[in-house]
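Numbered according to my numbering, the sequence shown spans residues 5 to 220. Glycine residues also receive a C-beta, built at the ideal position from the N, C-alpha and C atoms.
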Amino acid sequence: MEDRHEAPVQPATHAKVRILDTANRLFYNEGVHSVGIDRIIAEAGVTKTTLYKYYKSKELLTVSYLQLRDNYVRDIVASLQAQTEDPIERLHLLVEAIAGEAEKPDFRGCPFINATAQFSDPQHPVRLAITEHRRWYSEQVEHMFRDAGHPDPLQARDDFFLARDGAYASANLGDPATATAALRRMTGRLIGQASGGQASGGQASGGQASGGHSEA
């Protein structure tokens with residue numbers, strides 16, 4: 005970790021961060037459409053003028069919320085890539101990251117799937133942000149299976165996401181332990197089909213950011 009002296013954060017920056025942190029918490033826990041701008045203003049402790057200075061609309065605030073979540077997932081992928089060069093071990097680490105999210109007491113499902121259900125137009129800016137996240141994430145998983153020597157990395161990727169999405173839905177609706185046990189079984193079979201591949205695969209690494217729950 006770098007040892008550096010940071011410039012004091014200006015009050016305006018504090019306000020922008022508070023707004024996004026508040027939206028992040030409320031949108032995830034209660035749903036985007038269930039939370040009004042006035043609620044965010046009240047809980048963030050800002051004025052309406054301040055909120056609209058940084059986020060011109062609720063739509064743009066929602067996109068920023070999803071970008072925050074996207075960055076958090078990218079950090080997880082970058083972290084597991086840094087931990088090991090073994091592509092099979094990377095896949096196991098990703099599964100454990102997914103299971104860890106689903107087993108958190110305040111887990112409310114995948115934020116991207118939740119938001120998709122609330123925005124039906126595929127060309128809406130919110131849906132475009134979700135699509136880009138899914139495209140990037142799918143590419144990462146495909147690369148992992150390809151580098152691990154899986155005979156059909158595209159199919160493995162699709163099956164992996166089916167297992168992941170199902171586990172997140174089941175964990176939110178029922179028993180997280182049962183959901184994550186099924187996730188480990190299903191993904192374990194997929195990973196077991198890989199031969200080991202090349203230990204130093206060439207995946208793109210994730211970005212830098214922070215957030216609450218991930219779409220890992």
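Query raised in the report: Curious, which full-length alpha helix (DSSP H) runs of at least 4 residues does the stretch 78 to 141 contain?
Result: 91 to 106, 115 to 120
Report task. Label Leu84 either buried or exposed according to how many other C-beta atoms from any shown protein chain fall within 10 Å of its C-beta, with 16 as the threshold for buried. Result -> For the purposes of this step, residue 84 is taken as residue 80 along the sequence shown, with counting starting at 1. Buried is the call here.
Report task. Answer yes or no: do Val81 and Ala133 have a C-beta to C-beta separation smaller than 8 Å? Result -> Here the question's residue 81 lines up with position 77 in the sequence shown. Here the question's residue 133 lines up with position 129 in the sequence shown. No, these two residues do not count as a Cβ contact at 8 Å.
Requested in this report: Identify whether Pro155 lies in helix, strand or coil by the three-state DSSP scheme.
Outcome: On the sequence shown, residue 155 is found 151 positions in, with the first residue counted as 1. In the structure shown, Pro155 sits in coil (DSSP, three-state: anything other than H, G, I, E or B).
Report task. Let me know if Asp110 comes out buried or exposed under the rule of 16 or more other beta-carbons within 10 Å of its beta-carbon. Result -> For the purposes of this step, residue 110 is taken as the residue at position 106 of the sequence shown. Asp110 should be labelled exposed.
Query raised in the report: Skipping 5 residues on each side, what residues in its chain have a beta carbon closer than 7 Å to that of Arg94?
Result: In the sequence shown, counting from the first residue as 1, residue 94 sits at position 90. Same-chain partners within the cutoff: Leu84, Gln85, Thr88, Met148.
Query - the stretch 16 to 28 / the stretch 40 to 56 touching (three or more Cβ pairs under 8 Å) - result: yes
Report task. Along the alpha helix (DSSP H) that carries Thr221, what are the first and last residues, could you check? Result -> Lying before the first or after the last residue shown, residue 221 is absent from the chain, which here runs from 5 to 220.
Requested in this report: Take every Cβ of the stretch 34 to 43, pair it with every Cβ of the stretch 94 to 103, and state whether three or more of those distances are shorter than 8 Å.
Outcome: no
Query raised in the report: If we call anything under 8 Å between Cβ atoms a contact, is Gly113 one with Asn176?
Result: The residue you call residue 113 lines up with position 109 of the sequence shown. The residue you call residue 176 lines up with position 172 of the sequence shown. Yes, they are a contact pair.
Requested in this report: For my contact list, Val145 and Arg131 are in at a C-beta cut-off of 8 Å; report their separation, rounded to the angstrom.
Outcome: Translated into positions along the sequence shown, residue 145 becomes position 141. Translated into positions along the sequence shown, residue 131 becomes position 127. Not confirmed; about 21 Å, so no contact.
Requested in this report: Name the residue from Thr26, Gly196, Asp42 whose alpha carbon lies nearest to the alpha carbon of Ala152.
Outcome: Looking up residue 152 in the sequence shown gives position 148. The option with the nearest alpha carbon to Ala152 is Gly196.
Requested in this report: Ignore the nearest five residues each way along the sequence and tell me which others in Met5's own chain have a CB closer than 6 Å to its CB.
Outcome: Position 1 of the sequence shown holds residue 5. Low per-residue confidence applies at Met5: pLDDT is 36, beneath 50, and the placement is therefore not dependable, though the value from the model is reported in the following sentence. Within the same chain, Met5 has no close Cβ partners at all.
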